[in-house]
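The structure appears below as structure tokens.
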Amino acid sequence: MNPLYSSDIQAWIRGNEHHLNKKEEDELMLKYFPQFQSKNRYGHIGEFLFELYLQSRNISYSKKPNYEGLEPDFETDNYFYEIKTRRYNMSGTAGEKIPAVPFKYRNLSIIKPIIIVLIAYQEVEMSILFKPDERASEFIDFFKSKGFEYQAFSSLITSLVSNESSQSLTDNMSAQIDSRFDFKPFLKWIGGKSRLLPYLDVEISKIESSKYIEPFLGGGASLLNALKYNFDEYIACDINRELIDLWITVRDNVEDLILELSLYEHMNTKDDYLAVRRDFNDKIRAGNDIRDEVDIISISAMFIYLNHTCFRGLYRVNKRNEFNVPYGNYKNYSIDYDNLRTVSRAIQNVKFECHDYRETIELYANEDSLIYLDPPYYETGKAYASDDFDSNEFKKTLDSLACNFIASNSIDFVELLDELFRCQRNADFGANASIANIGASETKLYQVSEINVKESMHRSNPGEERIEILITKK
Ligand SMILES: C[S@@+](CC[C@H](N)C(=O)[O-])C[C@H]1O[C@@H](n2cnc3c(N)ncnc32)[C@H](O)[C@@H]1O
Numbered sequence: 014m015n016p017l018y019s020s021d022i023q024a025w026i027r028g029n030e031h032h033l034n035k036k037e038e039d040e041l042m043l044k045y046f047p048q049f050q051s052k053n054r055y056g057h058i059g060e061f062l063f064e065l066y067l068q069s070r071n072i073s074y075s076k077k078p079n080y081e082g083l084e085p086d087f088e089t090d091n092y093f094y095e096i097k098t099r100r101y102n103m104s105g106t107a108g109e110k111i112p113a114v115p116f117k118y119r120n121l122s123i124i125k126p127i128i129i130v131l132i133a134y135q136e137v138e139m140s141i142l143f144k145p146d147e148r149a150s151e152f153i154d155f156f157k158s159k160g161f162e163y164q165a166f167s168s169l170i171t172s173l174v175s176n177e178s179s180q181s182l183t184d185n186m187s188a189q190i191d192s193r194f195d196f197k198p199f200l201k202w203i204g205g206k207s208r209l210l211p212y213l214d215v216e217i218s219k220i221e222s223s224k225y226i227e228p229f230l231g232g233g234a235s236l237l238n239a240l241k242y243n244f245d246e247y248i249a250c251d252i253n254r255e256l257i258d259l260w261i262t263v264r265d266n267v268e269d270l271i272l273e274l275s276l277y278e279h280m281n282t283k284d285d286y287l288a289v290r291r292d293f294n295d296k297i298r299a300g301n302d303i304r305d306e307v308d309i310i311s312i313s314a315m316f317i318y319l320n321h322t323c324f325r326g327l328y329r330v331n332k333r334n335e336f337n338v339p340y341g342n343y344k345n346y347s348i349d350y351d352n353l354r355t356v357s358r359a360i361q362n363v364k365f366e367c368h369d370y371r372e373t374i375e376l377y378a379n380e381d382s383l384i385y386l387d388p389p390y391y392e393t394g395k396a397y398a399s400d401d402f403d404s405n406e407f408k409k410t411l412d413s414l415a416c417n418f419i420a421s422n423s424i425d426f427v428e429l430l431d432e433l434f435r436c437q438r439n440a441d442f443g444a445n446a447s448i449a450n451i452g453a454s455e456t457k458l459y460q461v462s463e464i465n466v467k468e469s470m471h472r473s474n475p476g477e478e479r480i481e482i483l484i485t486k487k
């Protein structure tokens, strides 16, 4: 299989596999690139991936052309390419050399522009260095005027998945500066959307709307990804009161939250965990109405602590609304405070509210909205999906939506859709996913993309695949 279409490799390229330790990262690479075993294999892997990219686009190229001793990695009709790859578990400061690449190739750029392609951690690191401040923009503009552009490999992959013609590299440059890699989700979330993001990107970029609405916010991987599209308005809601309070706290009181979180830094035994869980439930039991800001900050800190130390980041409550997930028994527990600060800055214009999804739609959706709906997944064999979420009701809501929407669900949901939209599958969507056009009731047409998603390496059965779907309006 072409590794470019593997969701594991895409996640690695995009930085969603940050959490892999050295051994896991090596295992992932050995699984997909057994031909590269040498110590500096990451450089070879990057070049190999880029070559696959060129081939998949039918772009003709030569490798390592020699221009008076200078050998950029690839040459095409229009560009030279220099590929810079870094793994996530590295030591040393090699990344600092990247901004000096233009100096090395200063004379070559007179022949044609040079694209410096950044892969995996190299992209993450550069997006931090290239935060859009005034000085950074000056340097980037200067490099550009001299024929050098930095290119995030993940955005090339996105355009590859979309099967559309190549995006302009200059446009990609600004996407890269705005990079989603400036931050990552700060919660672990079951059903988190990291692995679907490239496919969501394809759909979102097709739609013109000024308002982005997410009625099932959860851990927010999809919201954080959608921020780069600069919608005029962002509305993010969830039925979980404590979760919404947490997002509001991250937005409005991040320093107080970090101070509170520092209290939990060395608490990683089962007893510590159970004590915090008890405290959390006591505070919640005290009721929503009497919570003041101090309570909310302390509940939010406990929420993050419990999320990182409980079993698989689950959020589950019993009938009395008590959080009852067991201790996760993880060796390390740490929170990235700088990431929290960056997320806080990025969500300043997002409105967070606690509502049932139907309320959110009623309150905010209009014809100019794009709604991304990511409900608890429907599973065959259960009357309704997890807990008491009513998938039939959700299906009816989809059919009544008058605006653009994207919805994700498990493949089982197609069964429910069948009644509503008569299905007819007809096209392929890359090697790893297939797309099906679903003819709908008389007036509406929907499209359902099936996407194979590999389970995370940390699950008990690594590599297991499941199929998820994205439903959009045609
Ligand atoms: C699959 S998760 C969303 C994951 C999210 N897209 C992400 O990337 O992390 C589903 C979310 O829906 C919320 N939820 C469940 N029932 C709901 C309802 N009736 N109305 C609104 N939100 C609901 C849950 O609290 C949960 O956070």
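Be aware that the sequence shown starts at 14, since it is given in my numbering, and climbs by one per residue. Even glycine gets a Cβ: it sits at the ideal position worked out from N, Cα and C. In this text, all values refer to a predicted model and were calculated from it rather than measured experimentally.
Check                                                                                                                   : Outcome
Where A149 falls, given that 16 or more other Cβ within 10 Å makes a residue buried                                     : exposed
Check: G231 C-beta below 6 Å from any heavy atom of ligand 1                                                            : yes
S404 versus Y101 - alpha carbon distance                                                                                : 39 Å
Residue span of the beta strand (DSSP E) that contains Y80, given as start and end                                      : No beta strand (DSSP E) contains Y80, which DSSP labels as neither H nor E.
Where S493 sits in the DSSP three-state scheme                                                                          : Residue 493 lies beyond the range of the chain shown here (14 to 487); nothing can be said about it.
Length at least 3, wholly inside the stretch 346–370: the beta strand (DSSP E) runs in chain order                      : 363–367
Sufficient close CB pairs (3 or more, under 8 Å) joining the stretch 277–293 to the stretch 333–351                     : yes
Exposure of E481, with buried meaning 16 or more beta-carbon neighbours within 10 Å                                     : buried
Length of the line joining the Cα atoms of R254 and I419                                                                : 24 Å
Beta-carbon proximity list for F46, same chain, < 6 Å, skipping 5 on both sides                                         : I58
Nearest-angstrom Cα separation, counted from L169 out to P85                                                            : 19 Å
Three or more C-beta pairs below 8 Å linking the stretch 289–300 and the stretch 313–325                                : yes
Runs of alpha helix (DSSP H) wholly within the stretch 225–300 (minimum 4 residues, chain order)                        : 234–239, 254–265, 267–274, 283–298
Counterpart residues of K408 in DSSP-defined beta bridges                                                               : Per DSSP, none; premise fails for K408.
S382 versus M315, I217, K283, residue with shortest Cα-Cα distance                                                      : I217
Assigned secondary structure, S207 (DSSP; H/G/I helix, E/B strand, else coil)                                           : helix
Under the three-state DSSP convention, the category K486 falls into                                                     : strand
Inter-residue spacing [alpha-carbon to alpha-carbon] between L270 and R99                                               : 33 Å
N422 beta carbon near ligand 1 (any heavy atom closer than 6 Å)                                                         : no
Local Cβ density within 10 Å of D497, reported as buried at 16 or more and exposed below that                           : As displayed, the chain neither begins before 14 nor continues past 487, which places residue 497 out of reach and without an answer.
Which of helix, strand or coil DSSP assigns to K159                                                                     : coil
Distance, S421 Cα to S357 Cα                                                                                            : 26 Å
Reduced DSSP category for Q68 - H, G, I as helix; E, B as strand; rest coil                                             : helix
I96, enclosing beta strand (DSSP E) - first and last residue                                                            : 93–99
Cα-Cα separation between K76 and A24, rounded to whole angstroms                                                        : 27 Å
Collapsed DSSP secondary structure at Q23 in the structure displayed                                                    : helix
Neighbour-count burial assignment, E306, 16 or more Cβ in a 10 Å radius                                                 : exposed
Cut-off 6 Å between Cβ atoms - residues of its own chain near T89, not counting five sequence neighbours on either side : I72, Y74
Given N34 as reference, the closest of G300, M103, S20, G82 once Cα atoms are compared                                  : M103
beta-carbon S311 near ligand 1 non-hydrogen atom, thresh 6 Å                                                            : no
Extent of the continuous alpha helix (DSSP H) run through N320                                                          : 306–322
Between the CA atoms of K44 and P388 - distance to the nearest angstrom                                                 : 33 Å
Buried or exposed by the 16-neighbour rule on C-beta atoms within 10 Å, applied to N29                                  : buried
Distance cut-off 6 Å: W25 Cβ against heavy atoms of ligand 1                                                            : no
Assigned secondary structure, S73 (DSSP; H/G/I helix, E/B strand, else coil)                                            : coil
Residues bridged to I386 [DSSP beta-bridge criterion]                                                                   : In the sequence on display, residue 386 carries Leu and not Ile. Looking at the DSSP assignment, L386 forms a beta bridge with A420.
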